[in-house]
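Since the structure comes first, as structure tokens, the remarks are kept for the end.
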Ligand SMILES: Cc1ncc(COP(=O)(O)O)c(C=O)c1O
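Residue numbers (this note's numbering): 31 to 416.
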């Protein structure tokens, strides 16, 4: 069977397998020493005082909504160019989602449009969730300024951006945002199988998060060893030691993984630069892109090619692409609930028409890169490219 080249993939080596095996042989395979170690390592790597690992990035976002007590009447701002999990955490807390369009260099939430909204709204804006789309940081300086001026919490949904930097700082996410979420799904820059975390500098928040992920159980060992109390309903969003062992081992290779992703991106840049009807991703001077995605834009309209035809042809050649993302305001739930119109989101709609996520992951070979780019050129230009 022909091997499919996917847009993203995990990269597991013997060291990963050995550490997971060690975790399997431990006396505790959940909530043991590997959980604590993974949290400590993540805090150190991303320069946060505290870290709570959870079952996935979706749970991490939802727990922030619960932690900050979002409720009916609260408004949370976010980007329409993200995964479903980003706004779903707002809706699951019964708060209102307000999508603000992206700016069209980095495809992240546009601070100017955020400020325009804040100037005229009477809504209670409680927080803004920014997404470092594809691994390129948002304009966090401007977003922090607005958060201070208009008094709301700043959350960095950093699920794409482990290993990114801003102004040469790998701890930028926590520096600017009050709370940061990460995901360790296999297509991400590092994986723990499934997994996620919340990073913050606030001891009380971190304590609450650790209680919340464990069915809101508060141990009361002073009274008796078996005693515990519960003050609000909680969840089981724990991450096992097996996942954490894999995460610990993968985190050690994050810088190398990102370096390899950047090398692949550079090759793609060189191949696609100045080609007609193709736009390559931007990396601003102050940013260090971690290329969770290589988000290419192809002007299908000019080329008179249907995007779905292009996808099919690529798959026939064994290349599985993806689109990140169908803008969230186009999802039936959001469209219907908030009566959203595409005409209010020109940048993200334009981007969606053109966006194609092409294969990028450590281990993608030069031959595979050449194969992918050759097929793209063959299909869109209808010529044999050499
Ligand atoms: C931007 C963003 N936020 C949140 C998530 C949710 O993470 P998880 O899949 O670990 O639940 C993802 C996952 O793809 C994501 O890309």
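Virtual Cβ for every residue (Gly too), placed ideally from N, Cα, C.
What do you get for residue i, buried or exposed, if any count of 16 or more other CB atoms within 10 angstroms of its CB means buried?
| i | result |
| --- | --- |
| residue 362 | exposed |
| residue 327 | buried |
| residue 34 | exposed |
| residue 104 | buried |
| residue 193 | buried |
Could you check which residue in the options has the C-alpha nearest to that of residue i?
| i | options | result |
| --- | --- | --- |
| residue 310 | 228, 384, 281 and 174 | 384 |
| residue 170 | 136, 146 and 154 | 136 |
| residue 185 | 289, 276, 228 and 224 | 228 |
| residue 167 | 327, 313, 157 and 335 | 313 |
| residue 21 | 143, 122 and 81 | Residue numbering for the chain in the displayed model covers 31 to 416; residue 21 lies beyond these limits and cannot be assessed. |
| residue 412 | 41, 86, 290 and 340 | 340 |
| residue 399 | 291, 114 and 89 | 291 |
| residue 111 | 123, 102 and 128 | 128 |
| residue 333 | 308, 295, 62 and 395 | 308 |
| residue 268 | 350, 46 and 81 | 81 |
Whole angstroms are fine: how far does the CA of residue j sit from the CA of residue i?
| i | j | result |
| --- | --- | --- |
| residue 83 | residue 270 | 9 Å |
| residue 306 | residue 406 | 13 Å |
| residue 355 | residue 209 | 24 Å |
| residue 239 | residue 93 | 7 Å |
| residue 75 | residue 331 | 43 Å |
| residue 280 | residue 342 | 33 Å |
| residue 266 | residue 319 | 34 Å |
| residue 221 | residue 275 | 10 Å |
| residue 321 | residue 151 | 35 Å |
| residue 214 | residue 188 | 11 Å |
| residue 100 | residue 60 | 30 Å |
| residue 139 | residue 212 | 18 Å |
| residue 415 | residue 242 | Only weak support exists for where residue 415 lies, its pLDDT of 48 falling under 50; the value from the coordinates is given anyway. Each residue's Cα considered, the two are about 56 Å apart. |
| residue 345 | residue 352 | 11 Å |
Tell me the DSSP secondary structure of residue i in three-state form.
| i | result |
| --- | --- |
| residue 230 | strand |
| residue 274 | helix |
| residue 415 | The predicted position of residue 415 is uncertain, since its pLDDT is 48 and thus under 50; no value can be drawn from it. |
| residue 217 | coil |
| residue 90 | helix |
| residue 318 | strand |
| residue 351 | coil |
| residue 174 | helix |
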